[in-house]
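Quick note on numbering: the first sequence equals residues 195 to 703 in the working numbering.
First up is the structure itself, then whatever we jot down about it.
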Amino acid sequence: MSNSNIRVRFAPSPTGPLHIGGVRTALYNYLFARKNGGKFILRIEDTDQNRFVPGAEQYIIDSFKWCGITFDEGVTIGGEYGPYTQSERKELYSEYAKRLIENGHGYYGFDTGEELNKVRKEYESQKKTFVYNAEERKRLRNSLTLSEEETNKLLEEGTPYVIRFKMPENDIVVMNDMIRGKVEVNTSVLDDKILFKSDGMPTYHLANIVDDHLMKISHVIRGEEWLPSLPLHVLLYEAFDWDKPEFAHLPLLLKPDGNGKLSKRDGDRLGFPVFPLEWTDPKTGSVSSGFREDGYFADAFVNMLAMLGWNPGDDRELFTIEELSKEFSIDRVGKSGAKFDLAKATWYNHQYLVKKDNAELAGLFMPIVVNEGVLVEIEYLEEAVSLVKDRVNFVHELWAQTDYFFKRPETYDPKAVKKRWKKESFDHISKLKIVLAEITEFSSSNVESIVKQWIEENEYGMGMVMNALRLIIVGALKGPHLFDIIDLIGQEETLERIDQGLHEIGRKE
RNA sequence: GGUCCGUUCGGCUAGUCAGGUCAGGCCCCCAGGUUUUCAUCCUGGUAACACGGGUUCGAAUCCCGUACGGACUACCA
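So, in structure tokens, the structure goes:
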């Protein structure tokens, strides 16, 4: 299926780093566009001048780049519906706000923030909630209660004003959500939302509708937190007499323990990232961890995120972003919130790590090895990585599993010594060293067959000798197939480690 | 408080729209097996339809109610 009229957008506000819930929303938009042959647009909604955070926009762009989520139009790439930053479209919005006043769907409000707060407090003290609605607007300072002359006078004097939406009274708004189906709301519970602020900027509601219309957005796919404002948005489209896009409200990403929306605090508290990339707050200097810096692969991260709320309908769980682009469908997005599960995220990373080829992993591992003060050939690293990759989840865990490939044991695990270093061990290993020294083809399989044969001929007991040998080579009872280790470190190193081990551990009484 | 949304194993979920297999899979956890060690791997296991009504021969599935949870309720998005 391909439809060039399908156009979706992701419209973040540059108020800070993008949290993984936002990344998932963007991902679903991206997948929806790809699946349907549509266009994906990145628009920056920076209509709140007070909350602007330097670097946030760049962070968002960098995050998507890391994830492999690309845009067809938008900031930094352009397109025929630009500009794609709302502050650069400022002039547009007042024009549309005024159009609403002209056609009777909007009005000027002259109440100041302080006045309104005062009223709110009064209501609160009476245990009532103030809402600027059809009832209350009759008592407040606006172009509905003021005469036309008074209104014009105030306007001419430069009195600060806002433009509000004139919410219809007692009307049923019927909406459709692609995920939830039919939703109905009575307008009498809605308020007269501000569409245009006294600072000359539109609010989200106005800017969003105007831009979605002008940018010919066909489907609005966004977080569930927007569902309560859907009636307003639908009414706005109707007030402008514009065609409405389709709406899909995605379920929220929840904190792993308990309930509630996943937040930055949960990450700090439970020790996992909630942001794709590390973020340093420009004001406080505080650093928030990122999935990338924590060692997650971008493809694993994207896969994990995609499956939090969507599934293909069968048992498959591993998908590249390209595969997701072919399979994704809004129909298969769930209705309920999904708790972020760190264990599953780790599992995903493991799956991708195992699938990566050894050369790539060795390349990623090299800086860590160098940092440990070890100089080795990349080929040697590849061999080591291939032997242990299935026992780690992250590249940074590789060192703990491979350090004995690069340096001789500094200690010999006391527990292991106690358990596996028997009276006969010194004698066995001393003799075995002579056998090993005589082998000319020092390959894993050849050494294995010679050593095993030697053990059997001498009736020493496989476990007895092998554990002692492992202890001497590795320093502990861990690691992959011992003959693979011996093969990799080589004959000379093996013999030297035996000498060192015999000397260090000594005879057992 | 009000409005809206949601509710299947500990977590992610399939199954719900078109009622009818011991409610399936993955992660986690537990046990066993393989192994010279650890890990991997293999096998098996514990474990759920929020509750109460109704419709029906039959309900996780349709309807109503209740409970619980969440989101929203700014001149923020």
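A virtual CB, placed ideally from N, CA and C, is assigned to each residue, including glycine.
Residue i, buried or exposed, once every other Cβ within 10 Å from all chains shown has been counted against 16
i, result
"residue 482", "buried"
"residue 207", "buried"
"residue 203", "buried"
"residue 664", "buried"
"residue 200", "buried"
"residue 347", "exposed"
"residue 656", "exposed"
"residue 311", "exposed"
"residue 267", "buried"
"residue 637", "exposed"
"residue 323", "exposed"
"residue 497", "buried"
"residue 360", "buried"
"residue 701", "exposed"
"residue 396", "buried"
"residue 164", "Only positions 195 to 703 of the chain appear in this structure, which leaves residue 164 out of reach."
"residue 349", "exposed"
"residue 393", "exposed"
"residue 474", "exposed"
Beta strand (DSSP E) segment containing residue i, residue limits
i, result
"residue 413", "413-417"
"residue 656", "Segment 656-668 is the alpha helix (DSSP H) holding residue 656; no beta strand (DSSP E) there."
"residue 369", "366-371"
"residue 388", "388-390"
"residue 461", "First-last for residue 461: 458-464, but that is the alpha helix (DSSP H), not the beta strand (DSSP E)."
"residue 135", "Residue 135 falls outside the range modelled here, since the chain spans only 195 to 703, and no answer is possible."
"residue 311", "Segment 307-319 is the alpha helix (DSSP H) holding residue 311; no beta strand (DSSP E) there."
"residue 331", "Per DSSP, residue 331 belongs to no beta strand (DSSP E) and is neither H nor E."
"residue 376", "375-380"
Sub-8 Å separation of residue i and residue j beta-carbons
i, j, result
"residue 598", "residue 668", "yes"
"residue 445", "residue 529", "yes"
"residue 615", "residue 699", "yes"
"residue 695", "residue 606", "yes"
"residue 247", "residue 210", "yes"
"residue 546", "residue 494", "yes"
"residue 291", "residue 400", "yes"
"residue 560", "residue 575", "yes"
"residue 235", "residue 258", "no"
"residue 221", "residue 662", "no"
"residue 425", "residue 367", "yes"
"residue 334", "residue 518", "no"
"residue 671", "residue 610", "yes"
"residue 533", "residue 608", "no"
Start and end residues, alpha helix (DSSP H) containing residue i
i, result
"residue 303", "Unbroken run through residue 303 is the beta strand (DSSP E), 300-303; no alpha helix (DSSP H)."
"residue 560", "552-565"
"residue 295", "284-296"
"residue 582", "572-582"
"residue 594", "592-600"
"residue 691", "685-699"
"residue 216", "214-229"
Beta-carbon contacts of residue i that lie in its chain and below 8 Å, excluding the five residues immediately before and after
i, result
"residue 633", "640, 641, 644, 685"
"residue 279", "237, 238, 240, 269"
"residue 681", "636, 637, 638, 641"
"residue 262", "492, 493, 496, 515"
"residue 336", "301, 302, 303, 304, 305, 358"
"residue 339", "331, 332, 333"
"residue 562", "589, 590, 592, 593"
"residue 219", "204, 415, 416, 417, 444"
"residue 286", "404, 408"
Sequence-distant residues of the same chain with beta carbon closer than 7 Å to residue i, five excluded per side
i, result
"residue 372", "440, 441, 442, 524"
"residue 319", "none"
"residue 215", "417, 446, 447, 456"
"residue 507", "526"
"residue 716", "Nothing in the structure corresponds to residue 716, since the chain is present only between 195 and 703."
"residue 627", "689, 692"
"residue 438", "428, 431"
Cβ shell of residue i (< 6 Å), same chain only, five flanking positions each side left out
i, result
"residue 196", "Summary for residue 196: the model assigns pLDDT 47, below 50, so the residue's position carries little reliability; its value from the coordinates is reported in the next sentence. These residues qualify, in order along the chain: 231."
"residue 531", "445, 446, 448"
"residue 587", "540, 543, 544"
Proximity test, residue i beta-carbon vs the ligand HEM heavy atom, cut-off 7 Å
i, result
"residue 635", "Among the ligands in the structure shown, none appear at all, so the ligand HEM cannot be discussed."
The region 298-313 touching the region 406-425, judged by at least three CB pairs closer than 8 Å: no
Does the region 378-385 come close enough to the region 408-417 to have 3 or more Cβ pairs within less than 8 Å? no
Stretch-stretch touch, CB-based, cutoff 8 Å, three pairs: the region 328-347 with the region 465-477: no
Counting Cβ pairs, one atom from each stretch, are 3 or more of them under 8 Å apart for the region 578-595 and the region 618-635? no
Looking at C-beta atoms only, is the number of pairs between the region 401-410 and the region 242-260 that lie closer than 8 Å three or more? no
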